Amino acid sequence: MSRSRTNLLLARAATALGVEMTEVGSERSDWLARLRGHGRSVIISKTRSPFLTQVAQTLANNKHTSREAIAARGVPVAPSLLLDERDDPRGDRVRHFLECHGRIVVKPNWGNRAIGVTADISRIDEAARAIEHAREHDLDEETLLEPYLAGVNLRIAVIGGRYAAACEIRRPMLHGDGVRTIAELIAEIDEDPRRGTWQDPALVPFDRIEPDDVLAEALGVRGLARDTVLADGAVLELLGEEAETIDCTDEIHASWIAHAETACAELGVDVGGVDLRGPADAFRAPAGAGTAVVLEVNVLPALHLHALPSQGTPRPVFEAFVAYCLSLPGAPAPCAAIGLASSTKL
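For what it's worth, the working numbering labels the leading residue of the sequence shown as 214, then goes sequentially.
In structure tokens:
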């Protein structure tokens with residue numbers, strides 16, 4: 214079995230539950246595995262269950278359409294503007310959205326791990342570059358614009374339609390000193406022993422930040438490069454990476470838990486990672502208008518964020534996932550049908 218961090222955690226959870234986990238096919242792959250135990254056998258794809266439908270995955274991956282769907286069920290979402298390849302990146306629609314919100318985020322309508330995303334944009338020239346960058350990483354050259362919201366990044370894990378865990382994700386911040394390059398500042402972060410590599414995965418919370426083409430493209434949108442000396446006092450956030458993952462499972466208000474479960478149910482995502490953004494204290498109080506929002510539902514959730522938090526209590530999310538996939542006693546019943554949010558009470 215391929216030794217990716219996710220598979221190591223899956224194998225550990227399977228063993229704890231008396232379940233056998235084996236490769237599927239003759240070639241090594243960290244994408245497909247078979248779980249056998251308690252009279253059942255299923256195939257999983259990392260943290261995708263055997264029950265997830267292609268329609269649900271396609272719907273969730275379309276950020277704009279999925280956002281409209283969950284908003285119709287009363288889930289608070291951010292306002293957004295969808296652009297396609299015919300829209301002028303410097304056109305009136307973009308200018309008006311930027312004027313209305315002041316600071317915006319640009320992302321591919323279909324994407325993951327923050328690839329193609331540029332945040333905290335306040336100028337039209339930067340917005341235009343960000344739109345072109347996002348289009349290059351979208352299947353249909355579609356781009357989503359949304360307001361930049363101050364606050365924290367919250368990830369809620371839903372397994373079998375039920376709330377399983379929550380954590381706050383803090384991104385690495387590069388602080389310029391007018392001397393060191395961006396590459397040197399990243400190298401300093403990578404010295405953290407809590408960071409592993411794809412070549413030699415281990416049960417550590419974070420990955421090393423690789424100086425790859427994805428990073429180079431993201432820096433280019435800002436007019437930067439890996440060998441750029443970051444100005445003294447300048448701060449650069451590295452999207453798609455983690456600096457701290459702080460467990461807050463026991464602190465989230467029930468109304469936000471209900472919103473996360475509703476979002477997953479409406480999209481037919483039985484095992485999902487729900488991304489939220491807003492002030493930290495907003496998620497510890499009843500959901501209110503304008504305080505915080507649900508951004509999207511991920512169909513391939515990074516459950517290691519909850520199993521290996523850098524701060525707080527590790528949560529048994531992989532055990533819950535294995536139990537759900539094999540319908541073990543006490544686990545939720547399969548719940549991957551689309552549009553069942555009406556069964557969730559807010």
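Glycine included, each C-beta is placed from N, C-alpha and C at the ideal position. Keep in mind the model is a prediction, meaning the values are calculated, not measured.
Starting from I372, follow its DSSP beta bridges and name the residues at the other end. Working through the sequence shown from its first residue, we reach residue 372 at position 159. Answer is R375, V484, bridged to I372.
Would you check if the distance between the CB atom of H519 and the CB atom of A370 is smaller than 7 angstroms? Stepping through the sequence shown from its first residue, residue 519 is reached at position 306. Stepping through the sequence shown from its first residue, residue 370 is reached at position 157. Yes, Cβ-Cβ distance for H519 and A370 is below 7 angstroms.
Whole angstroms are fine: how far does the CA of G436 sit from the CA of G238? Here residue 238 refers to the residue found at position 25 of the sequence shown. Here residue 436 refers to the residue found at position 223 of the sequence shown. Per the coordinates, the alpha-carbon of G238 lies some 45 angstroms from the alpha-carbon of G436.
Excluding the 5 residues preceding and the 5 following I402 in the sequence, name in chain order all residues of the same chain whose CB lies nearer than 7 angstroms to its CB. In the sequence shown, counting from the first residue as 1, residue 402 sits at position 189. Hits under 7 angstroms: P385, I422.
Assign H314 to one of two classes, buried (16 or more other C-beta atoms within 10 Å of its C-beta) or exposed (fewer than that). On the sequence shown, position 101 is the one that residue 314 refers to. In summary, H314 is buried, with 16 or more beta-carbon neighbours lying within 10 Å of its beta-carbon over all protein chains present.
Chain B contact for Q524 (CB, 7 angstroms cutoff): Within the model displayed, chain B is absent; a lone protein chain is all it includes.
Identify the residues that DSSP records as bridge partners of G409: which are they? As a working note, residue 409 is residue 196 in the sequence shown. Its beta-bridge partners are D420.
Pick out the complete beta strand (DSSP E) segments inside the segment 343-403, 3 residues or longer, and give them in chain order. 356-360, 365-372, 375-383, 386-388, all fully within the segment 343-403.
Within 8 angstroms, do at least three Cβ pairs link the segment 350-367 to the segment 317-329? Between the segment 317-329 and the segment 350-367, the count of C-beta pairs closer than 8 angstroms reaches three or more; the two stretches touch.
Should I256 go down as buried or exposed, given a rule of 16 or more other Cβ atoms within 10 Å for buried? By one-based count along the sequence shown, residue 256 stands at place 43. Burial call: exposed.
Within 10 angstroms of its Cβ, does L489 collect 16 or more other Cβ (buried), or is it exposed? Sequence index remark: in the sequence shown, residue 489 carries index 276 (1-based). The residue in question, L489, is buried, as its Cβ has 16 or more Cβ neighbours within 10 Å.
Ignoring anything shorter than 3 residues, give me the beta strand (DSSP E) runs that lie fully in the segment 417-469, in order along the chain. If only uninterrupted beta strand (DSSP E) runs of at least 3 residues are considered, those enclosed by the segment 417-469 are 448-450, 457-460.
Among D483, D494, G525, which residue has its Cα nearest to the Cα of S540? Looking up residue 540 in the sequence shown gives position 327. Residue D483 is the option with its Cα nearest to S540.
Neighbourhood of A533 by C-beta distance below 6 angstroms, restricted to the same chain and skipping five residues each side: Walking along the sequence shown from the start, residue 533 turns up at place 320. Excluding positions up to five away in sequence, the list reads I372, A377.
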